[in-house]
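Add 24 to a position in the sequence shown, counting from 1, and you land on the number used in this note's numbering. Even for Gly, the Cβ is constructed at its ideal location relative to N, Cα and C. These notes are about the structure you will find just below.
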Amino acid sequence: MPDTAVSGAVTGSLLNAWKRGRAGIIPGAVTGSLACAFLQLSYNELSVQRLKYISRRLNKVRPAEAEPKPPVLVAQETQAPASIPEPPIESQSDSGSEPRKPAWERFIGLFGLSKITDDQYLERLKEERDAYIKRIRMLEERIEEEKKNPRDNSGSSAAS
25 MPDTAVSGAV TGSLLNAWKR GRAGIIPGAV TGSLACAFLQ LSYNELSVQR
75 LKYISRRLNK VRPAEAEPKP PVLVAQETQA PASIPEPPIE SQSDSGSEPR
125 KPAWERFIGL FGLSKITDDQ YLERLKEERD AYIKRIRMLE ERIEEEKKNP
175 RDNSGSSAAS
């Protein structure tokens, strides 16, 4: 972690010196080293917590595997070779209805953003275009009416 703090100090001092001159070297070094050290410490701690979580999940699964049921074989006359059925795959989500979204999709969802398909995006653009075309037609009709009735416009513009 000291290497992260040193690289943060160098980067912070260079960027702050570029922006503020010589007076910004020390404050930039301090800020950069503290910020980078904090971010590195946070990342390391999250990695450790992730490994602990995975370890706990694996330990929960292993006791169930410790007592495997013996396969039951039934003799039958068949023409084709018998195949062993695959065991069911456990779903990762508790609800089981939908696979879990990737972390970055959940993160951008916090800001009200969501991933959409190209077709959905194209549909949104078409709806937006149609709304603009409708507005343009309405404004063109209004201009035509104003050209036909010039006296009405002069009185209304003077009043406003």
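beta-carbon residue i near the ligand SAM non-hydrogen atom, thresh 7 Å
| i | result |
| --- | --- |
| Ile-160 | Absent from the structure shown: the ligand SAM. Ligands present: none. |
Residue i and residue j closer than 8 Å at C-beta
| i | j | result |
| --- | --- | --- |
| Ala-33 | Gly-56 | yes |
| Gln-64 | Met-25 | yes |
| Ala-53 | Ser-66 | no |
| Ala-59 | Thr-28 | no |
Contacts around residue i, its chain only, beta-carbon distance under 6 Å, and the 5 residues preceding and following it disregarded
| i | result |
| --- | --- |
| Arg-148 | none |
| Ser-184 | Low confidence applies to Ser-184: its pLDDT is 47, below 50, so where it sits in the model is not reliable, and the reading given next is rough at best. Cβ within range, chain order: n/a, list empty. |
Residue i in three-state terms, based on DSSP
| i | result |
| --- | --- |
| Pro-123 | coil |
| Lys-139 | coil |
| Met-162 | helix |
| Asn-40 | helix |
| Asn-68 | helix |
| Leu-58 | helix |
For residue j and residue i, believed in contact at Cβ under 8 Å, the rounded distance
| i | j | result |
| --- | --- | --- |
| Lys-139 | Glu-129 | 6 Å |
Cutoff 8 Å; reference residue i; Cβ partners in own chain excluding five residues on either side
| i | result |
| --- | --- |
| Leu-75 | none |
| Asn-30 | The question names Asn, but residue 30 is Val in the sequence shown. These residues qualify, in order along the chain: Ser-57. |
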